[in-house]
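Participant:
In full-length UniProt numbering, the protein residues as written are 1 to 135.
#1: DSSP beta-bridge partners for residue 101?
#2: Across the stretch 112-126 and the stretch 64-71, are there enough close Cβ pairs to call them in contact, namely three or more that are closer than 8 Å?
#3: Buried or exposed for residue 111, please, with buried defined as at least 16 other CB atoms from any protein chain shown within 10 angstroms of its CB.
#4: Where DSSP assigns a beta bridge to residue 61, which residues make up the other side?
#5: Which residues does DSSP list as the beta-bridge partners of residue 41?
#6: With a threshold of 16 other CB atoms inside 10 Å of the CB of residue 62, please say whether the residue is buried or exposed.
#7: Roughly how many angstroms lie between the CA atoms of residue 87 and residue 15, to the nearest whole one?
#8: When DSSP labels each residue in this structure, what does residue 21 get in the three-state scheme?
#9: For residue 57, collect the residues of the same chain with a Cβ closer than 6 Å to its Cβ; drop the 5 residues on either side in sequence, then sort them by chain order.
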(Lines of atoms letter the chains of each structure in order from A; the text may use other names.)
(Lines give C-alpha, C1' and ligand atoms only; values in the text may rest on other atoms or scores of the structure.)
Protein backbone atom coordinates (compact mmCIF):
# COMPACT_ATOMS: atom_id res chain seq x y z
CA UNK A 1 0.00 0.00 0.00
CA UNK A 2 1.32 3.45 -0.86
CA UNK A 3 1.82 6.06 1.82
CA UNK A 4 -0.98 8.54 2.35
CA UNK A 5 -1.36 11.61 4.50
CA UNK A 6 -4.20 11.86 7.01
CA UNK A 7 -5.43 15.24 8.32
CA UNK A 8 -6.70 15.00 11.90
CA UNK A 9 -8.60 17.77 13.65
CA UNK A 10 -10.16 16.28 16.80
CA UNK A 11 -9.65 13.36 19.15
CA UNK A 12 -7.09 11.76 16.79
CA UNK A 13 -4.61 14.60 17.35
CA UNK A 14 -1.55 14.05 19.53
CA UNK A 15 -2.38 14.19 23.24
CA UNK A 16 -6.06 13.46 22.69
CA UNK A 17 -8.07 10.39 23.59
CA UNK A 18 -8.06 8.55 20.25
CA UNK A 19 -4.53 9.30 19.05
CA UNK A 20 -3.63 5.67 19.83
CA UNK A 21 -5.39 4.75 16.57
CA UNK A 22 -2.40 6.41 14.87
CA UNK A 23 0.33 4.58 16.81
CA UNK A 24 1.53 2.99 13.56
CA UNK A 25 1.44 6.29 11.65
CA UNK A 26 4.11 9.00 11.61
CA UNK A 27 3.36 12.55 12.75
CA UNK A 28 4.41 14.95 9.98
CA UNK A 29 3.36 18.46 10.97
CA UNK A 30 0.74 20.79 12.33
CA UNK A 31 -1.38 21.92 9.40
CA UNK A 32 -4.28 24.05 8.25
CA UNK A 33 -6.81 23.39 5.52
CA UNK A 34 -6.25 25.29 2.28
CA UNK A 35 -10.00 25.65 1.73
CA UNK A 36 -12.61 26.91 4.15
CA UNK A 37 -14.92 24.59 6.04
CA UNK A 38 -16.64 24.75 9.42
CA UNK A 39 -16.22 22.68 12.55
CA UNK A 40 -18.68 22.15 15.39
CA UNK A 41 -18.63 19.91 18.44
CA UNK A 42 -21.12 17.09 18.62
CA UNK A 43 -24.13 17.67 20.85
CA UNK A 44 -22.44 16.18 23.92
CA UNK A 45 -19.14 18.03 23.18
CA UNK A 46 -17.13 14.78 23.02
CA UNK A 47 -15.74 15.12 19.49
CA UNK A 48 -15.94 17.50 16.53
CA UNK A 49 -17.57 17.36 13.13
CA UNK A 50 -16.01 18.93 10.06
CA UNK A 51 -18.74 20.30 7.81
CA UNK A 52 -17.86 20.41 4.12
CA UNK A 53 -20.84 22.46 2.93
CA UNK A 54 -20.05 25.47 5.14
CA UNK A 55 -17.18 27.47 3.61
CA UNK A 56 -16.45 29.68 6.62
CA UNK A 57 -12.87 29.30 7.83
CA UNK A 58 -9.69 27.29 7.60
CA UNK A 59 -9.43 24.47 10.11
CA UNK A 60 -6.32 23.72 12.18
CA UNK A 61 -5.14 20.17 12.72
CA UNK A 62 -2.28 17.71 12.34
CA UNK A 63 -1.03 15.56 9.48
CA UNK A 64 0.15 11.98 9.85
CA UNK A 65 1.57 9.63 7.23
CA UNK A 66 0.76 5.94 6.98
CA UNK A 67 0.95 3.01 4.60
CA UNK A 68 -0.92 0.70 6.95
CA UNK A 69 -4.24 -0.75 5.80
CA UNK A 70 -4.93 -1.60 9.44
CA UNK A 71 -4.58 2.05 10.50
CA UNK A 72 -6.98 3.14 7.77
CA UNK A 73 -9.45 0.36 8.60
CA UNK A 74 -9.28 1.31 12.28
CA UNK A 75 -9.95 4.96 11.40
CA UNK A 76 -12.96 3.93 9.32
CA UNK A 77 -14.23 1.97 12.33
CA UNK A 78 -13.67 4.85 14.75
CA UNK A 79 -15.32 7.38 12.44
CA UNK A 80 -18.28 5.06 11.72
CA UNK A 81 -17.57 5.43 7.99
CA UNK A 82 -19.72 5.83 5.89
CA UNK A 83 -22.63 6.39 8.31
CA UNK A 84 -21.43 9.18 10.61
CA UNK A 85 -18.47 10.41 8.54
CA UNK A 86 -17.50 10.40 4.88
CA UNK A 87 -13.91 10.68 3.70
CA UNK A 88 -12.06 12.37 0.87
CA UNK A 89 -8.75 13.98 0.06
CA UNK A 90 -8.26 17.72 0.58
CA UNK A 91 -5.30 20.07 0.35
CA UNK A 92 -3.66 21.12 3.60
CA UNK A 93 -0.73 23.42 4.27
CA UNK A 94 2.05 22.13 6.53
CA UNK A 95 4.14 24.30 8.86
CA UNK A 96 6.93 24.45 6.27
CA UNK A 97 4.36 25.95 3.84
CA UNK A 98 4.30 22.88 1.60
CA UNK A 99 0.89 21.67 0.49
CA UNK A 100 -0.11 18.01 0.55
CA UNK A 101 -3.24 16.04 -0.29
CA UNK A 102 -4.52 14.42 2.89
CA UNK A 103 -7.38 12.11 3.73
CA UNK A 104 -9.96 13.76 5.99
CA UNK A 105 -13.24 12.67 7.53
CA UNK A 106 -16.20 15.02 6.98
CA UNK A 107 -19.53 14.72 8.78
CA UNK A 108 -22.04 12.81 6.69
CA UNK A 109 -24.54 15.65 6.45
CA UNK A 110 -27.39 13.29 5.51
CA UNK A 111 -27.29 11.30 8.75
CA UNK A 112 -27.41 11.92 12.50
CA UNK A 113 -28.90 15.36 11.87
CA UNK A 114 -29.30 16.23 15.57
CA UNK A 115 -25.75 15.21 16.50
CA UNK A 116 -24.17 18.61 15.79
CA UNK A 117 -24.11 21.59 18.17
CA UNK A 118 -24.40 24.37 15.61
CA UNK A 119 -24.30 27.03 18.35
CA UNK A 120 -20.54 26.56 18.87
CA UNK A 121 -18.51 27.01 15.65
CA UNK A 122 -14.78 26.40 16.20
CA UNK A 123 -11.68 26.21 14.02
CA UNK A 124 -9.48 24.18 16.35
CA UNK A 125 -10.14 21.29 18.74
CA UNK A 126 -8.00 22.22 21.74
CA UNK A 127 -7.18 21.34 25.35
CA UNK A 128 -10.67 22.35 26.51
CA UNK A 129 -11.74 19.03 25.02
CA UNK A 130 -8.76 16.97 26.21
CA UNK A 131 -10.69 14.34 28.17
CA UNK A 132 -13.26 13.78 25.47
CA UNK A 133 -14.63 10.56 24.07
CA UNK A 134 -12.40 7.52 24.38
CA UNK A 135 -12.71 4.27 22.45
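Note that CB positions come from ideal geometry on N, CA and C, so glycine has one too.
Facilitator: Let's see:
#1: 91
#2: no
#3: exposed
#4: 31
#5: 48
#6: buried
#7: 23 Å
#8: helix
#9: 36 and 123
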